[in-house]
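Below is one structure; the comments refer to it alone.
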Amino acid sequence: YAGLMLTKEGPKVLEFNARFGDPETQVVLPLLKTDLINIIEATIEGKLDKIQIEWEDKKAVCAVAVSNGYPGEYQTGFEITGLEKVKEAFVYHAGTALKDGKIVTSGGRVLAVTTIGDSYEEAREKVYREIEKISFEGMYYRKDIALVSQV
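What the sequence shown shows, in our numbering, is residues 2 to 152, in sequence order.
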C-alpha cells in the first residue's frame, strides 16, 4: 500500500509498504466484502486473477487514541473504561494489557476506533461519537481526521 497525505499542492507519497499498515488496515479491511482468506489463498496459488474482489460501497474513518506524551515519553498502566459502551465501531487494541481483570494502557498507541458510513462525514461523526465513550488518564486523539477543510 502507499501511505499518502493530501496537501494543498496535491497528494504526496509518504511511503510504500508491502505489509498491512497500522492504522491503514483498520480502516480498509472493514470495507472488504470478499473473504480475506480467499484472497490470500488465491495469491499463494497464483490465481488472484481468477477471483472477484468486492468492496462495500461505504466510507470508513479511523481515529487512534494515544497516551499523553506519545510519540515521546508516556506513562502506562491506566485503566481504560467505556469500551462496553461502544456499539457502532470496531475497536482495535494495540497498546493495551489485561491487569487484575481490567484493561489498561501498555503503550503509546492504545486503541484504534473505526466506523463506517455512507459518507466520510457520517463515518467521521460516528467515529468521534464512539471514541468519546472511551476514557483513560491522559487519553488523546486527533480531532481533525477526515476533515476535508484540512487539505
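We put the beta carbon where it would ideally sit given N, CA and C, even for glycine.
Sequence-distant partners of Ala124 (beyond 5 residues in either direction) whose C-beta falls short of 8 Å from its own C-beta, in its chain, are Lys59, Lys60, Ala61, Val62, Thr116, Ile117, Gly118 and Ala147. The alpha carbon of Gly108 has as its nearest neighbour, out of Asp101, Val92, Val114 and Thr97, the alpha carbon of Thr97. A direct Cα-to-Cα measurement between Gly70 and Arg110 gives close to 11 Å. Residues of the same chain with a CB within less than 6 Å of the CB of Tyr121, apart from the 5 flanking positions on each side, are Lys60 and Ala147 in chain order. Around Gly73, the same chain offers no residue with a beta carbon nearer than 6 Å, after the five sequence neighbours per side are excluded.
Nearest in C-alpha terms to Ala64, of all of Asp36, Pro12, Met6 and Phe91, is Phe91.
Between Glu138 and Gly78, the alpha-carbon positions lie close to 9 Å from each other.
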